[in-house]
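Going by the numbering used here, 17 is the number at position 12 of the sequence shown; the sequence numbering is gapless. Cβ atoms here follow ideal geometry from the backbone N, Cα and C, with glycine treated the same way.
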Amino acid sequence: MHDYHDLLVWSKSLEFVKLVYKLTNLFPKEEIYGLTSQLRRAAVSVLANIVEG
6 MHDYHDLLVW SKSLEFVKLV YKLTNLFPKE EIYGLTSQLR RAAVSVLANI
56 VEG
């Protein structure tokens, strides 16, 4: 069985998470508990679902 780190989809998803965090850092601070949080959680969820299989 292969490690999930070897999957192209996992590495692309990790790049996506990093991009989402970089972009959401530019959002207004009043969005930290709203849109920023929601986007970050959704992006991380993609990685978690890949790992879970």
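Asked: Find out if the Cβ-Cβ distance for the pair residue 49, residue 22 is shorter than 7 angstroms.; Found: yes
Asked: Run through DSSP, which three-state label would residue 7 get?; Found: coil
Asked: Report back the beta-carbon spacing between residue 26 and residue 45 to the nearest angstrom; my notes put them in contact at under 8 angstroms.; Found: 6 angstroms
Asked: Can the beta-carbon of residue 52 be found less than 7 angstroms from the beta-carbon of residue 16?; Found: no
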